[in-house]
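Participant:
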Ligand code: GLU
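Residue numbers (the working numbering): 1 to 488.
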């Protein structure tokens, strides 16, 4: 049974990159009939931001990719918040020290600062590792009695003992084998003075205890992979499979996608509103379309097909089609994907899915609502366009497009308006045929009639199919709009 996890730190809202990680985990789980776990990595209480855990949970809910096990849906591997697992880490750190894979270190901040200063002068950098650990104050250098005394005081950290000059072999499902020489690594702190684990330690212990089979996360964690491999080795545990997702680049392709860039160029980077920043939901994106676009940031189908429902993505997800290279974010493309999803919904589905949006229109348009939506549906890119486009059925134009007015000013608008009036008095049946006939009789171009009628009804020369539109708004409203145009 495949078990995967999304393990965000609640240090702020969920960014597009985080949502993509969650999505790929979800898709992988569904594809393999596995389990998708949400684990909140909140050991660093200083960086914790109030409300962000809830925000993450709500965002996944809006998107329709909720976790099977999470802090709000306990399975049998809980607790699912790291801050509630402190005792577990305490037990496991002892085990790692007993295995000889970690050691206690008692260096004071001053001692470390001094060592750093000297090292930076001499070699340009400082690493606490095999080359200098025997010169520091730790359980490898002090005698047992002294170590016991210092442990009693509680003022210590636990460090990973990385052996010198060996090859650490890591496997990544996207990149293949990654080899690192251990000399490049550091004896990372695993447990802090306050008894809280660091990310590396808690992450590995939890992935093991939660029986995670595949770790899917952003590329920024790739440098941590050798440390994690050494931790698994130190415990004598099998490591899971790893998949690191490519970076998401900003639209220019220079650098990572950031909130600042989004603010500057007018696109959201969060799924839902967060403080002043509006999210994809508020901007009028369908959750499924948002996910569909996000899935394209690093994954593509072999046949190039771009529009997929969530169910299709679940079926089609294929690790071997996940790319290494950074994926460039493109807001125009995101909107296009949304438009495609909107146009694939039937009017009935669209209305049913957006009850609030259509409520007042329903009371005005009644049975005609579905037909009205059908007529303008292809013009919706964002949900916010619905109100704008549906306005034509509800309100007379409150202004006329200047260019269009200029175009029709070469016709005798009064005369044509009069004829249209005459033709409409008996209703809208066969209106087009009757206009054609009349135009022929008068030897006036059919285009003149149609253009005048369109400007009267819509306020300009663009807009949806005219005859069905006139039929939907009805004879009286059309007559009123012709009248208004003439008096303008
Ligand atoms: N807590 C880490 C983060 O905030 C998780 C990294 C991982 O998935 O291992 O992204």
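Even for Gly, the Cβ is constructed at its ideal location relative to N, Cα and C.
Values in this document were obtained by computation on a predicted structure and should not be read as measured data.
Three or more beta-carbon pairs under 8 Å between the segment 145-160 and the segment 97-113, yes or no?
Facilitator: The segment 145-160, when compared against the segment 97-113, does touch it at the 8 Å Cβ threshold.
Participant: Is the CB-CB distance between residue 82 and residue 41 below 8 Å?
Facilitator: The count along the chain shown starts at 1 and reaches residue 82 at position 82. The count along the chain shown starts at 1 and reaches residue 41 at position 41. For residue 82 and residue 41, yes; Cβs fall inside 8 Å.
Participant: Can you tell me the Cα-Cα spacing of residue 489 and residue 271, whole angstroms?
Facilitator: Outside the modelled stretch of the chain, which goes from 1 to 488, sits residue 489, for which no answer is possible.
Participant: What does DSSP give as the partner residue(s) for residue 191 in the beta ladder?
Facilitator: On the chain shown, position 191 is the one that residue 191 refers to. Looking at the DSSP assignment, residue 191 forms a beta bridge with 158 and 197.
Participant: Can you say whether residue 181 is buried or exposed, counting buried as having 16 or more other CB atoms within 10 angstroms of its CB?
Facilitator: Numbered from its first residue, the chain shown carries residue 181 at position 181. Residue 181 is exposed by the Cβ-count criterion.
Participant: For residue 35, which three-state DSSP category applies?
Facilitator: The residue given as residue 35 occupies position 35 in the chain shown. Strand.
Participant: What residue range does the beta strand (DSSP E) around residue 171 cover?
Facilitator: Taking the chain shown and counting its residues from 1, the one referred to as residue 171 is at position 171. Taken as a continuous stretch (DSSP letters only), the beta strand (DSSP E) holding residue 171 covers 167-172.
Participant: Hey, how far is the Cα of residue 30 from the Cα of residue 11?
Facilitator: Here residue 30 refers to the residue found at position 30 when the chain shown is read from its first residue. Here residue 11 refers to the residue found at position 11 when the chain shown is read from its first residue. In a straight line, the C-alpha of residue 30 is about 28 Å away from that of residue 11.
Participant: Apply the 10 Å Cβ neighbour rule to residue 292 and answer buried if 16 or more other Cβ atoms are within range, or exposed otherwise.
Facilitator: As a position in the chain shown, residue 292 is number 292, starting the count at 1. Classification of residue 292: buried, given that the 10 Å Cβ count is 16 or more.
Participant: If you follow the beta strand (DSSP E) that residue 244 is in, where does it begin and where does it stop?
Facilitator: Along the chain shown, one-based indexing puts residue 244 at 244. Note, residue 244: beta strand (DSSP E), 241-245.
Participant: For my contact list, residue 67 and residue 38 are in at a C-beta cut-off of 8 Å; report their separation, rounded to the angstrom.
Facilitator: Counting from one through the chain shown, the residue named residue 67 turns up at place 67. Counting from one through the chain shown, the residue named residue 38 turns up at place 38. Right, their Cβ atoms sit about 4 Å apart.
Participant: Under 7 Å: does the beta carbon of residue 215 sit that close to some heavy atom of the ligand GLU?
Facilitator: The sequence position of residue 215 within the chain shown is 215, counting from 1. Yes - the ligand GLU has a heavy atom lying nearer than 7 Å to the Cβ of residue 215.
Participant: Report the three-state DSSP secondary structure of residue 472 (helix, strand or coil).
Facilitator: Walking along the chain shown from the start, residue 472 turns up at place 472. Helix at residue 472.
Participant: Rounded to whole angstroms, what is the Cα-Cα separation between residue 376 and residue 336?
Facilitator: Here residue 376 refers to the residue found at position 376 when the chain shown is read from its first residue. Here residue 336 refers to the residue found at position 336 when the chain shown is read from its first residue. Spanning the two alpha carbons is a distance of roughly 17 Å.
Participant: Where does residue 427 sit, in a helix, a strand or coil, going by DSSP?
Facilitator: Taking the chain shown and counting its residues from 1, the one referred to as residue 427 is at position 427. In the structure shown, residue 427 sits in coil (DSSP, three-state: anything other than H, G, I, E or B).
Participant: When we look at the beta-carbon of residue 72 and count the other beta-carbons within 10 Å, is it buried (16 or more) or exposed?
Facilitator: In the chain shown, counting from the first residue as 1, residue 72 sits at position 72. Per the 10 Å Cβ criterion, exposed.
Participant: Give the DSSP-derived three-state secondary structure of residue 329 in the structure shown.
Facilitator: As a first step, residue 329 must be located in the chain shown, where it is residue number 329. Reduced to three states, the DSSP call for residue 329 is coil.
Participant: In the DSSP assignment, find the alpha helix (DSSP H) that holds residue 407 and state where it starts and stops.
Facilitator: Counted from its first residue, the chain shown places residue 407 at position 407. Unbroken alpha helix (DSSP H) run through residue 407: 402-408.
Participant: Would you check if the segment 206-217 and the segment 260-278 touch, i.e. whether three or more CB-CB distances between them fall below 8 Å?
Facilitator: No: fewer than three Cβ pairs fall under 8 Å.
Participant: Nearest-angstrom Cα distance between residue 198 and residue 173?
Facilitator: As a first step, residue 198 is located in the chain shown; it is residue number 198 there, counting from the start. As a first step, residue 173 is located in the chain shown; it is residue number 173 there, counting from the start. For residue 198 and residue 173, the distance between alpha carbons rounds to 25 Å.
Participant: Got a sec, what are the start and stop residues for the beta strand (DSSP E) residue 216 sits in?
Facilitator: Along the chain shown, read from residue 1 onward, the residue named residue 216 stands at position 216. Counting along the chain, the beta strand (DSSP E) containing residue 216 begins and ends at 214-218.
Participant: Just to confirm the assignment: which complete alpha helix (DSSP H) runs, minimum length 4, are found wholly within the segment 62-131?
Facilitator: DSSP runs (the alpha helix (DSSP H)) wholly in the segment 62-131: 86-98 and 109-123.
Participant: If you check the beta carbons only, do residue 285 and residue 250 fall under 8 Å apart?
Facilitator: Stepping through the chain shown from its first residue, residue 285 is reached at position 285. Stepping through the chain shown from its first residue, residue 250 is reached at position 250. No, Cβ-Cβ distance for residue 285 and residue 250 is not below 8 Å.
Participant: Taking 6 Å as the limit between beta carbons, can you name the residues of its chain near residue 15, skipping five residues before and five after?
Facilitator: Residue numbering aside, residue 15 sits at position 15 when the chain shown is read from its first letter. 269.
Participant: Between the segment 224-239 and the segment 294-305, do three or more beta carbon pairs fall short of 8 Å?
Facilitator: With a cut-off of 8 Å, the segment 294-305 and the segment 224-239 do not count as touching, because too few Cβ pairs lie within range.
Participant: Roughly how many angstroms separate the alpha carbons of residue 260 and residue 214, rounded to a whole number?
Facilitator: Locating residue 260 in the chain shown gives position 260, where the first residue counts as 1. Locating residue 214 in the chain shown gives position 214, where the first residue counts as 1. For residue 260 and residue 214, the distance between alpha carbons rounds to 32 Å.
Participant: On the three-state DSSP scale, how would you describe residue 250?
Facilitator: Walking along the chain shown from the start, residue 250 turns up at place 250. It is coil, neither helix nor strand.
Participant: To the nearest angstrom, how far is the alpha carbon of residue 51 from that of residue 282?
Facilitator: Reading the chain shown from its first residue, position 51 is the one you call residue 51. Reading the chain shown from its first residue, position 282 is the one you call residue 282. When rounded, the distance between both Cα atoms is 19 Å.
Participant: Would you decide whether residue 69 is buried or exposed? Buried here means 16 or more other CB atoms lie within 10 Å of its CB.
Facilitator: Looking up residue 69 in the chain shown gives position 69. Residue 69 should be labelled buried.
Participant: Rounded to whole angstroms, what's the CA-CA distance from residue 60 to residue 347? Just pull it up for me.
Facilitator: Here the question's residue 60 lines up with position 60 in the chain shown. Here the question's residue 347 lines up with position 347 in the chain shown. Cα to Cα, the separation comes out at about 26 Å.
Participant: Roughly how many angstroms separate the alpha carbons of residue 144 and residue 136, rounded to a whole number?
Facilitator: For the purposes of this step, residue 144 is taken as the residue at position 144 of the chain shown. For the purposes of this step, residue 136 is taken as the residue at position 136 of the chain shown. When rounded, the distance between both Cα atoms is 15 Å.
Participant: Given this structure, state the Cα-to-Cα distance separating residue 458 from residue 414, to the nearest angstrom.
Facilitator: Mapped onto the chain shown, residue 458 falls at position 458. Mapped onto the chain shown, residue 414 falls at position 414. Distance between the alpha carbons of residue 458 and residue 414: 18 Å.
Participant: Can you give me the C-alpha to C-alpha distance between residue 369 and residue 360, rounded to a whole angstrom?
Facilitator: Taking the chain shown and counting its residues from 1, one reaches residue 369 at position 369. Taking the chain shown and counting its residues from 1, one reaches residue 360 at position 360. Going from the Cα of residue 369 to the Cα of residue 360 covers about 11 Å.
Participant: If you draw a straight line from the C-alpha of residue 398 to the C-alpha of residue 254, how long is it?
Facilitator: As a first step, residue 398 must be located in the chain shown, where it is residue number 398. As a first step, residue 254 must be located in the chain shown, where it is residue number 254. Whole-angstrom Cα-Cα distance: 45 Å.
Participant: For the ligand GLU, any of its heavy atoms closer than 7 Å to the Cβ of residue 203?
Facilitator: Along the chain shown, read from residue 1 onward, the residue named residue 203 stands at position 203. Indeed, a heavy atom of the ligand GLU lies less than 7 Å from the Cβ.
Participant: State the start and end residues of the unbroken alpha helix (DSSP H) segment that holds residue 353.
Facilitator: Counted from its first residue, the chain shown places residue 353 at position 353. Per DSSP, residue 353 belongs to the alpha helix (DSSP H) from 347-353.
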